[in-house]
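Peer 1: Residue numbers (the numbering used here), protein chains in the order written: chain A, 1 to 216; chain B, 217 to 432.
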DNA sequence: CACATAATCAAACGCAGATTAGATTATTTT
DNA sequence: AAAATAATCTAATCTGCGTTTGATTATGTG
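Rendered as structure tokens:
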């Protein structure tokens with residue numbers, strides 16, 4: 001019928017949080033706009049006031065995700081700590097972040113593929129549509145770039161440590177992928193009420209990988 | 217129009233392989249029966265001669281996946297090798313298997329969630345439908361059981377090694393999840409034509425985790 | 001050979017989901 | 001307080017997909 005009073009109206013951010021949550025359970029394609037809307041007590045139609053379409057909503061969720069982990073890791077990577085300490089802190093921050101925001105973590109793992117298959121826009125597209133499409137493509141690219149940069153940060157510390165001789169001579173690429181795979185998986189199995197806290201888990205994982213890097 | 221000559225007709229297995237491939241690229245929900253059919257030069261309707269419905273097809277892909285890795289790992293786990301050797305071989309077999317069958321590996325990682333949300337069958341279901349549904353549920357359960365057993369195998373070796381003092385005192389649950397996360401992720405990034413072979417990657421990963429387990 | 005069975009296709013059904021249109025009311029700005 | 005803008009709803013549109021039906025032809029078997 002009408003608009004709700006201000007304190008009850010939902011923000012873009014409310015929607016993002018709720019959407020991540022629904023996505024975690026059902027996955028992008030199986031999630032309907034109605035599902036997301038219901039999670040914030042709106043109708044599907046109302047979501048289009050906040051996001052251009054379903055893809056834009058997904059992109060926004062993923063942007064929030066990469067910002068979350070990126071903002072944690074980047075300062076550490078930029079510091080002048082010795083490689084071992086730096087890597088330890090990066091691992092802890094990454095894993096801890098994923099345990100604190102499992103929904104977003106899961107989205108980053110499972111839904112990126114949904115962003116990849118970019119459907120071509122139809123010939124009947126209006127100028128406004130074309131502009132929106134170009135915009136979307138740009139932001140999408142930027143997302144992938146930032147994601148690659150994120151991986152580079154880990155790669156970089158490891159390379160440094162190897163070159164300085166404080167880490168053993170691992171294959172940097174493989175070791176990085178191994179670590180990041182283990183991290184990402186945390187978002188899949190971690191449960192907030194489980195036996196161990198996020199801190200404990202992060203600590204153990206950091207410990208495992210640093211031991212693995214110790215020179216003979 | 218008609219049936220094709222025998223040598224050109226597709227088998228259930230052909231469909232499974234093709235389906236895993238399409239699934240890897242698009243994910244279950246985004247994959248249409250038409251997509252899968254096209255991959256084996258059939259029409260969507262023809263697939264229903266081989267599989268009751270889309271869910272059954274997914275389940276069949278996942279069953280093939282768990283059989284693939286299970287059949288490799290189980291004999292090793294059942295052998296009486298000392299823990300360190302046993303674990304090394306298990307890791308190598310698992311990782312190597314995933315590099316050799318990336319499509320199935322990816323399905324095991326990404327599509328299991330699609331199996332979880334089991335929609336209730338409508339009240340209008342025929343007896344045949346009900347039987348099929350019960351059948352499906354049973355097989356689905358069996359799949360999950362076998363998958364859990366698979367994880368237990370890794371957990372078991374690690375526990376043994378810790379108890380015997382040949383591994384350091386890690387938290388068995390966390391270490392297992394860490395390892396399996398790293399393994400699963402291989403199916404995401406591995407490319408057959410890449411810099412390193414599956415064997416080399418498997419070897420390096422096994423080495424990393426075994427080093428990490430070395431007692432002080 | 002005749003009959004059953006296996007494998008395929010074209011066409012159509014039904015439905016669910018993304019998106020749009022248009023109306024209505026709250027809030028903010030001028 | 002009038003005008004602009006923001007947030008929401010209901011109702012409709014449109015498209016695509018899973019699935020069913022029924023016909024058609026190949027293959028195997030008695």
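A virtual CB, placed ideally from N, CA and C, is assigned to each residue, including glycine.
Report yes or no: do the segment 391 to 404 of chain B and the segment 323 to 341 of chain B share at least 3 C-beta pairs separated by less than 8 Å?
Peer 2: Result yes; three or more Cβ-Cβ pairs closer than 8 Å.
Peer 1: Among 359(B), 227(B), 388(B) and 410(B), which one has its Cα closest to the Cα of residue 281(B)?
Peer 2: Among 359(B), 227(B), 388(B) and 410(B), the Cα nearest to that of residue 281(B) is on 359(B).
Peer 1: Skipping 5 residues on each side, what residues in its chain have a beta carbon closer than 8 Å to that of residue 279(B)?
Peer 2: These residues qualify, in order along the chain: 355 and 359.
Peer 1: Would you mind telling me which residues of chain B sit closer than 8 Å to residue 184(A), beta carbon to beta carbon, in chain order?
Peer 2: What residue 184(A) touches in chain B: 397 and 401.
Peer 1: Quick check on the DSSP output: the alpha helix (DSSP H) that includes residue 85(A) runs from which residue to which?
Peer 2: Start and end: 83 to 100.
Peer 1: Using the three-state DSSP reduction, which class does residue 280(B) fall into: helix, strand or coil?
Peer 2: Here residue 280(B) sits in helix by DSSP.
Peer 1: Check whether the Cβ atoms of residue 25(A) and residue 202(A) lie closer than 8 Å to each other.
Peer 2: No, the Cβ-Cβ distance between residue 25(A) and residue 202(A) is not below 8 Å.
Peer 1: Determine the chain B residues that contact residue 30(A) at a beta-carbon separation under 9 Å, and present them in chain order.
Peer 2: Going along chain B in sequence order, the residues near residue 30(A) (Cβ under 9 Å) are 244, 245, 329, 330 and 333.
Peer 1: Tell me, to the nearest whole angstrom, how far the beta carbon of residue 362(B) is from that of residue 286(B); I am working on the premise that it is less than 8 Å.
Peer 2: With 8 Å as the limit, residue 362(B) and residue 286(B) qualify as a contact, their Cβ atoms being about 6 Å apart.
Peer 1: Beta-carbon within less than 8 Å of residue 130(A)'s beta-carbon, same chain only, minus the 5 sequence neighbours each way: which residues are those?
Peer 2: Only 121 meet the Cβ criterion.
Peer 1: Run through DSSP, which three-state label would residue 237(B) get?
Peer 2: Three-state result, residue 237(B): helix.
Peer 1: Between the C-alpha atoms of residue 316(B) and residue 299(B), what's the straight-line distance to the nearest angstrom?
Peer 2: Whole-angstrom Cα-Cα distance: 25 Å.
Peer 1: For residue 229(B) and residue 267(B), what's the separation of their Cα atoms in angstroms?
Peer 2: Computed Cα separation, rounded: 11 Å.
Peer 1: If residue 59(A) and residue 118(A) are in contact, beta carbons under 8 Å, what's the gap, nearest whole angstrom?
Peer 2: In fact, because the Cβ distance is near 11 Å, the residues do not count as touching under 8 Å.
Peer 1: Assign residue 114(A) to one of three DSSP states: helix, strand, or coil.
Peer 2: Correct three-state label for residue 114(A): helix.
Peer 1: Tell me which residue opens and which closes the alpha helix (DSSP H) that residue 48(A) is part of.
Peer 2: 44 to 50 is the span of the alpha helix (DSSP H), which, as asked, contains residue 48(A).
Peer 1: List in chain order: all unbroken alpha helix (DSSP H) runs of 4+ residues lying wholly within the segment 121 to 180 of chain A.
Peer 2: Counting only runs of 4 or more, we get 127 to 164.
Peer 1: Can you tell me whether DSSP reads residue 218(B) as helix, strand or coil?
Peer 2: A caution first: residue 218(B) carries a pLDDT of 48, below 50, which makes its placement in the model unreliable, though a value can still be read off. Coil at residue 218(B), not helix or strand.
Peer 1: So, is residue 395(B) buried or exposed, given that buried needs 16 or more other C-beta atoms within 10 angstroms?
Peer 2: So residue 395(B) counts as buried.
Peer 1: Give me the chain A residues within the contact set of residue 326(B), using Cβ-Cβ distance strictly less than 7 Å, ordered along the chain.
Peer 2: The contacting residues are 110.
Peer 1: In angstroms, rounded to a whole number, what distance separates the CA positions of residue 424(B) and residue 169(A)?
Peer 2: Straight-line Cα distance between these residues: approximately 11 Å.
Peer 1: Just verifying my parser: in three-state terms, what is the DSSP assignment at residue 212(A)?
Peer 2: Correct three-state label for residue 212(A): helix.
Peer 1: Using a beta-carbon distance below 8 Å, is residue 104(A) in contact with chain B?
Peer 2: Residue 104(A) does not count as touching chain B.
Peer 1: Report the three-state DSSP secondary structure of residue 422(B) (helix, strand or coil).
Peer 2: Here residue 422(B) sits in helix by DSSP.
Peer 1: For residue 270(B) and residue 251(B), what's the separation of their Cα atoms in angstroms?
Peer 2: Answer to the nearest angstrom: the Cα atoms are 12 Å apart.
Peer 1: Is the shortest distance between the beta-carbon of residue 420(B) and the beta-carbons of chain A less than 8 Å?
Peer 2: Cβ-Cβ to chain A under 8 Å: yes for residue 420(B).
Peer 1: At the 8 Å Cβ level, is residue 393(B) part of the contact set with chain A, yes or no?
Peer 2: Yes, because at least one Cβ of chain A sits closer than 8 Å to the Cβ of residue 393(B).
Peer 1: Could you check if residue 77(A) is buried or exposed, using at least 16 other CB atoms within 10 Å of its CB as the buried criterion?
Peer 2: Under this definition residue 77(A) is a buried residue.
Peer 1: Count the other CB atoms, across all protein chains shown, that sit within 10 Å of the CB of residue 214(A); report buried if there are 16 or more and exposed otherwise.
Peer 2: Answer is exposed; the Cβ neighbour count stays below 16.
Peer 1: Using the Cα positions of residue 137(A) and residue 16(A), report the straight-line distance between them to the nearest angstrom.
Peer 2: When rounded, the distance between both Cα atoms is 20 Å.
Peer 1: Can you tell me whether residue 152(A) is buried or exposed, with buried defined as 16 or more other CB within 10 angstroms of its CB?
Peer 2: With fewer than 16 Cβ atoms within 10 Å of its Cβ, residue 152(A) is classed as exposed.
Peer 1: Can you confirm whether residue 174(A), when its beta carbon is compared against all beta carbons of chain B, has any partner nearer than 8 Å?
Peer 2: Output row for residue 174(A): interface = yes.
Peer 1: Which one of 227(B), 255(B) and 225(B) has the shortest CA to CA distance from residue 237(B)?
Peer 2: Taking only the C-alpha atoms, the option nearest residue 237(B) is 255(B).
Peer 1: Going straight from the alpha carbon of residue 44(A) to that of residue 23(A), what length do you get?
Peer 2: Distance between the alpha carbons of residue 44(A) and residue 23(A) is about 15 Å.
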